[in-house]
Every structure is written in structure tokens, then in C-alpha cells.
Amino acid sequence: MGKDKLVKLGMAVGLVILVLIIYKSCFSQQKPLPSATTKTSSQTTAPKPSPKQQFKEVTGKYPTGELRRKYTVYTDKPDIKHGTYFEYYKSGNKLCQVEFKENLPVGHLVCWYDTKNQAPKSLEGNFEGGRKNGPFTEWHQNGKNKFTYKYKNGVLDGPWTEFYEDGTKMTEITYSEGTQTGVLMRYKPDGSVKYETKIIEKMPPKPTTKPSE
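Numbering follows the working numbering, in which position 174 of the sequence shown is assigned residue number 272; successive positions increment by one, without gaps.
Set out below in C-alpha cells:
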């Protein structure tokens with residue numbers, strides 16, 4: 099073999115070796131393995147969807163289109179009110195507001211006259227377990243007392259009083275478990291007694307059939 103051929107062969111072999119070195123160096127730079135605390139793409143879980151909304155809002159409107167009422171119900175039980183219940187005048191002012199729990203009114207009830215800034219109030223009282231309970235007050239539009247009375251487990255129980263527009267007492271009577279008792283007092287606007295009437299308790303009806311002997 100001539101000297102020139104040896105030189106060419108040596109150059110060819112050297113070129114092949116150089117290519118192999120470059121190839122090896124390129125493909126040997128692999129990405130490091132993920133650590134124990136790093137999740138690979140196959141281990142990454144998709145984000146959980148947001149939980150289903152538990153409540154939804156229900157509205158009612160006047161025949162002319164204005165908002166009349168607004169409240170919330172359970173999404174899966176649309177007949178069960180739960181949350182704040184609002185009633186509105188056609189003007190957009192609030193008429194009444196009360197809390198509902200499992201379809202029963204509970205807590206504070208407030209009603210207003212159809213005036214700006216929701217004042218004055220027209221009615222205020224409380225519910226417990228779906229029944230009126232405790233003192234209730236109604237006001238004239240001028241802010242003076244109109245009625246004061248009390249409920250116990252959903253029935254009138256205690257003094258019941260009516261007032262003239264200037265706040266002077268007009269009528270006074272007492273209730274016991276929903277029945278009027280005592281004396282009914284009626285007053286003149288100047289505060290003097292107009293008349294008084296003793297309440298006669300109603301006797302229970304007599305049985306229509308004779309008791310068995």
C-alpha cells in the first residue's frame with residue numbers, strides 16, 4: 099500500500115472517530131431523573147373541579163316585570179328555602195326581609211314603608227322554628243308606634259296595644275294563648291277612657307252525644 103493511501107485511510111478513520119465522539123457527547127446529555135418529590139407528567143393529577151354549588155337563587159317578578167321577591171334554595175331541593183328571603187315594592191325598595199332555614203322562617207323579621215333609605219320601618223319581630231315568637235312592633239309612617247303585641251309559639255300571648263298616629267294609646271287588651279282575656283280598654287285621643295268592656299270567656303261547646311253509661 100502506498101504512502102498516500104495510508105494517509106487517506108488514516109484521515110478517514112480519524113474522521114469516523116471524531117463523528118462518533120460528537121454523536122456520543124450529544125446523546126449522553128440526558129435529562130436528570132426526577133427526584134422523589136417531583137412528579138412526572140404521567141404522575142401529575144388533573145385539578146379537581148370546583149364543588150357543585152349548594153344553593154341557587156330564585157326570583158319572582160310582578161306582572162309588569164319588576165322584581166317582587168328573591169331568595170335561595172338548595173340546588174338539589176328547589177322547594178326548600180334556605181337563606182335570606184327578600185320582598186320588594188315595585189319601586190325597587192325592600193318591603194320585608196327574613197331568614198329561612200330548611201323552609202322555615204327563623205330569626206329577625208323586618209318590614210319597611212316604600213320610602214327612600216328604607217326608613218321608617220313598618221314592622222319588626224322574630225321567628226323561632228317557623229313560628230312568631232316574642233315581641234312584635236308595627237309603626238305608623240311617621241315613626242310612631244301603631245301596634246305592640248307578643249307571640250308565644252305562634253299565638254298571641256300577652257298585652258296587645260293599638261296607638262293613634264301621634265303615639266297616644268288607643269286600645270288595650272290582653273291575650274292568653276291566643277284568646278282575649280281581662281278587660282278591653284278604649285281611649286280617646288286626649289288619653290281619657292272612652293269605654294271599657296270585660297271580656298267574657300267563651301265556654302267550650304257542649305257534647306252533642308250523651309256519654310256512654
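Don't be surprised by glycine CBs; every beta carbon is placed ideally from N, CA and C. Please read all numbers here as calculations on a predicted model, not as lab measurements.
Practice task
Please report how far the alpha carbon of Tyr211 lies from the alpha carbon of Phe245, in whole angstroms.
Solution key: As a working note, residue 211 is residue 113 in the sequence shown. As a working note, residue 245 is residue 147 in the sequence shown. For Tyr211 and Phe245, the distance between alpha carbons rounds to 15 angstroms.
Compare the C-alpha of Val204 against each of Ser220, Cys194 and Gly227 and name the closest.
Along the sequence shown, one-based indexing puts residue 204 at 106. Selection Ser220, Cys194 and Gly227 evaluated against Val204 yields Gly227 as nearest (Cα-Cα).
Please give me, in chain order, every unbroken run of the alpha helix (DSSP H) with length at least 4 that falls completely inside the region 179-229. As far as the region 179-229 is concerned, it has no whole alpha helix (DSSP H) run of at least 4 residues.
Classification of Val291 by the beta-carbon crowding that lies within 10 angstroms, buried from 16 upward:
Counting from one through the sequence shown, the residue named residue 291 turns up at place 193. So Val291 ends up on the exposed side.
DSSP three-state call for Pro287: helix, strand or coil? Position 189 of the sequence shown holds residue 287. DSSP places Pro287 in coil when its eight states are reduced to three.
- Query: Can you tell me the Cα-Cα spacing of Gly158 and Arg167, whole angstroms?
  - Reply: Stepping through the sequence shown from its first residue, residue 158 is reached at position 60. Stepping through the sequence shown from its first residue, residue 167 is reached at position 69. For Gly158 and Arg167, the distance between alpha carbons rounds to 5 angstroms.
| message | Quick check on Tyr249: does DSSP put it in helix, strand or coil? | response | By one-based count along the sequence shown, residue 249 stands at place 151. It is a strand residue.
Review point. Does DSSP put Gln44 in a helix, a strand or coil?
Key: In the structure as shown, the chain starts at 99 and stops at 311, and residue 44 therefore has no counterpart that could be examined.
Next item on the list: Look at the alpha carbon of Glu222 and the alpha carbon of Lys188, and state the distance between them as a whole number of angstroms.
Entry: Here the question's residue 222 lines up with position 124 in the sequence shown. Here the question's residue 188 lines up with position 90 in the sequence shown. Looking at the backbone, the Cα of Glu222 and that of Lys188 are separated by about 21 angstroms.
Notebook entry, point to check: What's the call for Tyr186, buried or exposed, on a 16-neighbour Cβ count within 10 Å?
Noted result: By 1-based counting over the sequence shown, the position of residue 186 is 88. Tyr186 comes out buried.
Check each candidate in Glu294, Asn215, Pro218 and Ser274 and name the one with the smallest Cα separation from Leu282.
As a first step, residue 282 must be located in the sequence shown, where it is residue number 184. Closest by alpha carbon: Glu294.
In three-state terms, what does DSSP make of Glu164? Here residue 164 corresponds to residue number 66 of the sequence shown, with the count starting at 1. Residue state, collapsed to three classes: coil.
For Gly276, which residues in the same chain have their Cβ closer than 6 angstroms to its Cβ, ignoring the five residues on either side in sequence?
For the purposes of this step, residue 276 is identified with residue 178 of the sequence shown, where counting begins at 1. Close CB contacts of Gly276 within its chain, under the 6 angstroms cut and outside five residues either way in sequence, are with Val253 and Leu254 (chain order).
**Study point:** Where the beta strand (DSSP E) containing Gly241 begins and where it ends
**Key:** Along the sequence shown, one-based indexing puts residue 241 at 143. First-last for Gly241: undefined, no H or E at that position.
ask   = Which partner residues of Tyr262 appear in the DSSP bridge assignment?
value = Within the sequence shown, numbered from 1, the residue matching residue 262 stands at position 164. Bridge partners of Tyr262: none, in fact.
**Asked** Taking just the CA atoms, how far does His238 sit from Ile271?
**Response** As a position in the sequence shown, residue 271 is number 173, starting the count at 1. As a position in the sequence shown, residue 238 is number 140, starting the count at 1. C-alpha separation (whole angstroms): 20 angstroms.
- Simplified DSSP state of Lys372, which is helix, strand or coil: Limits of the chain in this structure are 99 at one end and 311 at the other, which puts residue 372 out of reach.
Worksheet item: In terms of alpha-carbon separation, which member of Tyr262, Pro257, Pro233 and Lys230 lies closest to Asn243?
Response: Within the sequence shown, residue 243 is the residue found at index 145, counting from 1. The residue with the shortest Cα to Cα distance from Asn243 is Tyr262.
**Item:** Assigned exposure category for Ile298 - 16 Cβ within 10 Å defines buried
**Value:** Residue numbering aside, residue 298 sits at position 200 when the sequence shown is read from its first letter. Under this definition Ile298 is an exposed residue.
Worksheet entry | Counted within 10 angstroms of its Cβ, other Cβ atoms place Thr213 as buried (16 or more) or exposed | Translated into the one-based positions of the sequence shown, residue 213 becomes position 115. Thr213 comes out exposed.
Give me the DSSP bridge partner(s) of Lys292. Numbered from its first residue, the sequence shown carries residue 292 at position 194. None; Lys292 has no bridge partner.
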